[in-house]
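Enquirer: Quick one: the structure is below, questions incoming.
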Amino acid sequence: MKFSKYTHAFSLGNDIALYNSLRLKPVYLSKDKYSLIKNFLSSDSENISDEIKNEINELGKYKIIINNDETDSKILNFVKSKIPEPAVNICYFILSEQCNLACKYCFLGNNNKDKRIKFHKENMTKEIAEKGVDYFVNQLELQPLDESRKPNIIFYGGEPLINFEILDFVVCKFEELKESHPVLKNIEYSIVTNGLLLTEERLRRLHQLKVAIAISIDGCDEKANQMRVDTAGNTVFNKIIKTLDLAKSIEIPVSLSITLTEESIKNKDAMLELIKKYDIKGLGFNIMMSDSNTKLPESYNVAAANFIIDMFKELRKLGIYEDRIMRKLKSFTSSQVYFSDCAATSGAQIVIASNGEIGICHGCLADRKYFSQNVTKIDFDPKSDSIWKEWSLLSPILKEECQNCEALGICGGGCPINATNEKEGNSIHSLDTRFCTHAKTTLEFFISDLYRIISGREEKCQKISL
Numbered sequence: 043m044k045f046s047k048y049t050h051a052f053s054l055g056n057d058i059a060l061y062n063s064l065r066l067k068p069v070y071l072s073k074d075k076y077s078l079i080k081n082f083l084s085s086d087s088e089n090i091s092d093e094i095k096n097e098i099n100e101l102g103k104y105k106i107i108i109n110n111d112e113t114d115s116k117i118l119n120f121v122k123s124k125i126p127e128p129a130v131n132i133c134y135f136i137l138s139e140q141c142n143l144a145c146k147y148c149f150l151g152n153n154n155k156d157k158r159i160k161f162h163k164e165n166m167t168k169e170i171a172e173k174g175v176d177y178f179v180n181q182l183e184l185q186p187l188d189e190s191r192k193p194n195i196i197f198y199g200g201e202p203l204i205n206f207e208i209l210d211f212v213v214c215k216f217e218e219l220k221e222s223h224p225v226l227k228n229i230e231y232s233i234v235t236n237g238l239l240l241t242e243e244r245l246r247r248l249h250q251l252k253v254a255i256a257i258s259i260d261g262c263d264e265k266a267n268q269m270r271v272d273t274a275g276n277t278v279f280n281k282i283i284k285t286l287d288l289a290k291s292i293e294i295p296v297s298l299s300i301t302l303t304e305e306s307i308k309n310k311d312a313m314l315e316l317i318k319k320y321d322i323k324g325l326g327f328n329i330m331m332s333d334s335n336t337k338l339p340e341s342y343n344v345a346a347a348n349f350i351i352d353m354f355k356e357l358r359k360l361g362i363y364e365d366r367i368m369r370k371l372k373s374f375t376s377s378q379v380y381f382s383d384c385a386a387t388s389g390a391q392i393v394i395a396s397n398g399e400i401g402i403c404h405g406c407l408a409d410r411k412y413f414s415q416n417v418t419k420i421d422f423d424p425k426s427d428s429i430w431k432e433w434s435l436l437s438p439i440l441k442e443e444c445q446n447c448e449a450l451g452i453c454g455g456g457c458p459i460n461a462t463n464e465k466e467g468n469s470i471h472s473l474d475t476r477f478c479t480h481a482k483t484t485l486e487f488f489i490s491d492l493y494r495i496i497s498g499r500e501e502k503c504q505k506i507s508l
């Protein structure tokens with residue numbers, strides 16, 4: 043008998059948590075019992091003392107202790123067999139590639155004049171939008187009908203509100219097709235916008251169309267938002283606040299998409315006040331990405347990961363949904379391996395550019411890398427396309443360098459674009475190291491938080507050697 047190669051140990055005061063990163067079920071025991079178990083496993087004895095028999099049985103049940111290496115191989119192969127094939131369920135409509143902002147951290151490249159000039163100046167037309175609708179419906183109908191499935195349309199840019207007329211047209215077109223296409227029964231719509239072009243009329247129309255509104259903001263004051271600027275370099279925080287005031291005054295709910303700058307993570311209390319002031323019920327935190335001009339230090343990655351956890355603790359008391367932590371928490375609580383944290387790396391999305399070109403990731407919009415399709419090629423099947431197949435195999439479960447990581451089962455991998463930009467010579471197959479920090483820190487929180495619930499004790503969780 044031996045510890046599985048996927049077993050990891052975490053210290054919790056006088057206790058220990060043992061955890062198999064592919065089974066996702068921590069077992070808690072005292073450090074004294076842990077020492078006895080280690081001594082037994084390192085001995086030649088086959089006789090298990092009564093003192094640790096129950097613990098050995100429990101650890102064997104969750105494959106924390108195994109009889110041979112073949113068990114680990116079987117578990118890994120079983121998990122790999124569950125990785126889904128590419129199947130499109132999410133569609134980004136890039137209504138306009140132009141943007142009225144030039145945020146200094148923009149991962150699309152609006153902050154880079156060489157990339158910005160590559161974006162198409164013409165907005166999406168009705169003709170392209172209609173073909174895009176048909177294209178997405180065809181993708182959904184390639185799959186077996188599942189009435190619980192929720193197809194997702196995301197209006198994106200650039201700034202999507204530059205082309206509001208086409209957003210309205212697309213939603214109405216999908217709604218018209220619902221009766222004749224059962225795959226659209228549970229379709230959902232959302233928009234990610236900087237909010238500057240939102241008027242009362244547009245807010246009411248989006249609400250009428252049942253389009254969820256996510257407004258981008260970086261924090262609670264001008265300083266935290268100093269990287270969110272217009273094309274002339276002027277900060278726009280006060281204008282975004284006016285939009286939030288407007289939405290609140292007419293009782294139109296919005297969510298927030300919050301990019302965590304080095305300034306915004308310094309003031310948790312002020313961030314909470316902003317969220318409470320505007321009665322925000324859902325939000326997502328975004329960790330800044332590297333590009334050719336910006337290389338983020340590991341100290342930022344650590345601080346951002348801890349900030350998200352600290353905010354999550356407060357937000358759950360208020361009944362507010364935070365997307366980034368919840369995706370991992372669902373995996374942990376259900377003991378289901380989380381294969382991909384990104385719809386692109388599960389081969390589940392298409393991105394329709396304003397000119398009708400189709401790719402797998404909106405982060406590649408400027409240079410059109412990984413854009414191999416077009417709305418006119420209605421017979422596209424992602425299961426047989428080399429790009430969608432390649433991206434769908436980017437899960438950490440399939441990466442050799444991830445096998446020894448304690449967060450393997452809940453990670454889902456990071457962003458292939460950020461991984462590519464982290465250092466010269468990287469590719470989409472490289473590790474997004476900021477996400478490694480986030481995933482490991484989050485797992486330690488889950489293990490300590492479950493321990494708190496079970497034992498009633500608050501102890502700092504720290505990864506230790508077996």
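43 is the number of the first residue of the sequence shown in our numbering; add one for each residue after it.
Glycine is no exception: its CB is placed at the ideal position from the N, C-alpha and C atoms.
1) Quick one: complete alpha helix (DSSP H) runs, 4+ long, within the segment 192-254?
2) Within the chosen definition, does the segment 350-360 reach the segment 83-103 through at least 3 CB pairs nearer than 8 angstroms?
3) Can you tell me the Cα-Cα spacing of Lys-419 and Ile-255, whole angstroms?
4) Please confirm whether Lys-370 and Phe-52 have their CB atoms less than 8 angstroms apart.
5) Can you grab the Cα-Cα spacing for the pair His-162 / Gly-398, in whole Å?
6) Can you tell me the Cα-Cα spacing of Met-331 and Glu-88, whole angstroms?
7) Counting beta carbon pairs with one atom in the segment 477-490 and one in the segment 444-452, are three or more of them shorter than 8 angstroms?
8) Enumerate in chain order the residues of its own chain whose CB-to-CB distance from Glu-496 is below 8 angstroms, with the five nearest sequence positions on each side excluded.
9) So which of Asp-287, Val-278, Leu-219, Ser-396 has the shortest CA-CA distance to Gly-199?
10) Alpha helix (DSSP H) containing Asn-575: first to last residue?
11) Within the continuous beta strand (DSSP E) that includes Thr-301, where are the two ends?
12) Please report the distance separating the alpha-carbon of Glu-221 from that of Tyr-147.
13) Compare the C-alpha of Tyr-42 against each of Ala-346, Val-278, Cys-262 and name the closest.
14) Apart from the five residues on each side of it in sequence, which residues of its chain come closer than 6 angstroms, Cβ to Cβ, to Asp-365?
15) Measuring CB to CB, does Lys-502 end up less than 8 angstroms from Ser-490?
16) My assumption, with CB atoms under 8 angstroms, is that Pro-128 sits in contact with Lys-425. Please give the rounded CB distance.
17) Could you give the DSSP three-state label for Val-175: helix, strand or coil?
18) Return the first residue and the last residue of the alpha helix (DSSP H) that Ala-312 is part of.
19) Does the Cβ of Met-178 have 16 or more other Cβ atoms within 10 Å, making it buried, or fewer, making it exposed?
20) Helix, strand or coil for Tyr-48? Go by DSSP, reduced to three states.
21) Within this structure, are the beta carbons of Ile-300 and Ile-362 separated by less than 8 angstroms?
22) Quick check: what's the CA-CA separation for Met-43 versus Phe-279?
23) Can you look up Lys-116 in the DSSP assignment and give me helix, strand or coil?
24) Could you check what DSSP says for Ala-449 in three-state terms: helix, strand or coil?
25) For Ala-347, which three-state DSSP category applies?
26) Tell me the rounded alpha-carbon separation between Leu-150 and Lys-67.
27) When you compare only the Cα positions, how much space is there between Lys-73 and Ser-382?
28) Could you tell me the boundaries of the beta strand (DSSP E) in which Lys-265 lies?
29) With burial defined as no fewer than 16 other Cβ atoms inside 10 Å of the residue's Cβ, what is the status of Ala-274: buried or exposed?
30) Could you check how far apart the C-beta atoms of Phe-197 and Ile-107 are, in whole angstroms? I think they sit under 8 angstroms.
31) Using the C-alpha atoms, what's the distance from Leu-245 back to Pro-186?
32) Which residue's Cα is closest to the Cα of Thr-336: Ile-294, Lys-465, Ala-347, Cys-214?
33) Who are Val-69's beta bridge partners in DSSP?
34) Looking only at its own chain, which residues have a Cβ that is under 8 angstroms from the Cβ of Leu-436, when we skip the five neighbours before and after it?
35) Give the secondary structure of Thr-277 by DSSP, where H, G and I count as helix, E and B as strand, and everything else as coil.
36) Please classify Asn-99 as buried or exposed, where buried requires at least 16 other C-beta atoms within 10 Å of its C-beta.
Expert: Quick look at the numbers:
1) If we require 4 residues or more, the alpha helix (DSSP H) runs fully inside the segment 192-254 come out as 206-219, 242-250.
2) Not touching, per the Cβ criterion.
3) By 1-based counting over the sequence shown, the position of residue 419 is 377. By 1-based counting over the sequence shown, the position of residue 255 is 213. If I take the Cα positions, the gap works out to 31 angstroms.
4) The sequence position of residue 370 within the sequence shown is 328, counting from 1. The sequence position of residue 52 within the sequence shown is 10, counting from 1. No, the pair does not count as a contact, with Cβ atoms beyond the cut-off.
5) Position 120 of the sequence shown, counted from the start, is the residue given in the question as residue 162. Position 356 of the sequence shown, counted from the start, is the residue given in the question as residue 398. Computed Cα separation, rounded: 11 angstroms.
6) If you number the sequence shown from 1, residue 331 lands on position 289. If you number the sequence shown from 1, residue 88 lands on position 46. Looking at the two C-alpha atoms, the distance is approximately 52 angstroms.
7) Enough Cβ pairs lie closer than 8 angstroms, so yes.
8) As a first step, residue 496 is located in the sequence shown; it is residue number 454 there, counting from the start. In the sequence on display, residue 496 carries Ile and not Glu. Within the same chain, Ile-496 has close Cβ partners Tyr-70.
9) On the sequence shown, residue 199 is found 157 positions in, with the first residue counted as 1. Gly-199 has its Cα closest to that of Ser-396, out of Asp-287, Val-278, Leu-219, Ser-396.
10) There is simply no residue 575 to check, as the chain begins at 43 and stops at 508 in what is shown.
11) Position 259 of the sequence shown holds residue 301. Start and end: 297-302.
12) Position 179 of the sequence shown, counting from 1, holds the residue named residue 221. Position 105 of the sequence shown, counting from 1, holds the residue named residue 147. Cα-Cα distance, rounded: 42 angstroms.
13) Only positions 43 to 508 of the chain appear in the structure, and residue 42 is not among them; the question remains open.
14) Reading the sequence shown from its first residue, position 323 is the one you call residue 365. Cβ within range, chain order: Gly-326.
15) Taking the sequence shown and counting its residues from 1, one reaches residue 502 at position 460. Taking the sequence shown and counting its residues from 1, one reaches residue 490 at position 448. It is a contact, given that the beta carbons lie within the stated cut-off.
16) Position 86 of the sequence shown, counted from the start, is the residue given in the question as residue 128. Position 383 of the sequence shown, counted from the start, is the residue given in the question as residue 425. 5 angstroms between Cβ atoms; contact.
17) Along the sequence shown, read from residue 1 onward, the residue named residue 175 stands at position 133. DSSP places Val-175 in helix when its eight states are reduced to three.
18) By 1-based counting over the sequence shown, the position of residue 312 is 270. It spans 310-319 - the alpha helix (DSSP H) in which Ala-312 sits, taken as one unbroken run.
19) Reading the sequence shown from its first residue, position 136 is the one you call residue 178. What sits at residue 178 in the sequence shown is Phe, not Met. Phe-178 counts as buried, since no fewer than 16 other beta carbons sit within 10 angstroms of its beta carbon.
20) Here residue 48 is taken as the residue at index 6 of the sequence shown, counted from 1. Three-state result, Tyr-48: coil.
21) Within the sequence shown, residue 300 is the residue found at index 258, counting from 1. Within the sequence shown, residue 362 is the residue found at index 320, counting from 1. Between Ile-300 and Ile-362, the C-beta spacing is not below 8 angstroms.
22) One-based indexing of the sequence shown puts residue 43 at position 1. One-based indexing of the sequence shown puts residue 279 at position 237. Their backbone Cα atoms lie some 60 angstroms apart in a straight line.
23) Residue mapping note: residue 116 aligns to position 74 of the sequence shown, counting from 1. Looking at Lys-116 - three-state DSSP - the assignment turns out to be helix.
24) Counting from one through the sequence shown, the residue named residue 449 turns up at place 407. Correct three-state label for Ala-449: coil.
25) Locating residue 347 in the sequence shown gives position 305, where the first residue counts as 1. In the displayed model, Ala-347 falls within a helix according to three-state DSSP.
26) Working through the sequence shown from its first residue, we reach residue 150 at position 108. Working through the sequence shown from its first residue, we reach residue 67 at position 25. Computed Cα separation, rounded: 38 angstroms.
27) For the purposes of this step, residue 73 is taken as the residue at position 31 of the sequence shown. For the purposes of this step, residue 382 is taken as the residue at position 340 of the sequence shown. One C-alpha to the other measures close to 34 angstroms.
28) Reading the sequence shown from its first residue, position 223 is the one you call residue 265. For Lys-265, there is no enclosing beta strand (DSSP E), since its DSSP letter is neither H nor E.
29) As a working note, residue 274 is residue 232 in the sequence shown. Burial call: exposed.
30) In the sequence shown, the residue the question calls residue 197 occupies position 155. In the sequence shown, the residue the question calls residue 107 occupies position 65. Their Cβ separation, rounded to whole angstroms, is 51 angstroms, which puts Phe-197 and Ile-107 out of contact at 8 angstroms.
31) In the sequence shown, residue 186 corresponds to position 144, counting from 1. In the sequence shown, residue 245 corresponds to position 203, counting from 1. Approximately 36 angstroms, taken between the alpha carbons.
32) Taking the sequence shown and counting its residues from 1, the one referred to as residue 336 is at position 294. Selected option, being the one with the closest Cα: Lys-465.
33) For the purposes of this step, residue 69 is identified with residue 27 of the sequence shown, where counting begins at 1. According to the DSSP secondary-structure assignment, Val-69 is paired through a beta bridge with Leu-60.
34) As a position in the sequence shown, residue 436 is number 394, starting the count at 1. Apart from the 5 residues on each side of it in sequence, Leu-436 sits with its Cβ closer than 8 angstroms to the Cβ of Ser-382, Thr-387, Gly-455, Pro-458, Ile-470, His-471 in its chain, given in chain order.
35) Taking the first residue of the sequence shown as 1, we reach residue 277 at position 235. Note: Thr-277 maps to strand in three-state DSSP.
36) As a first step, residue 99 must be located in the sequence shown, where it is residue number 57. Exposed: under 16 other Cβ atoms inside 10 Å.
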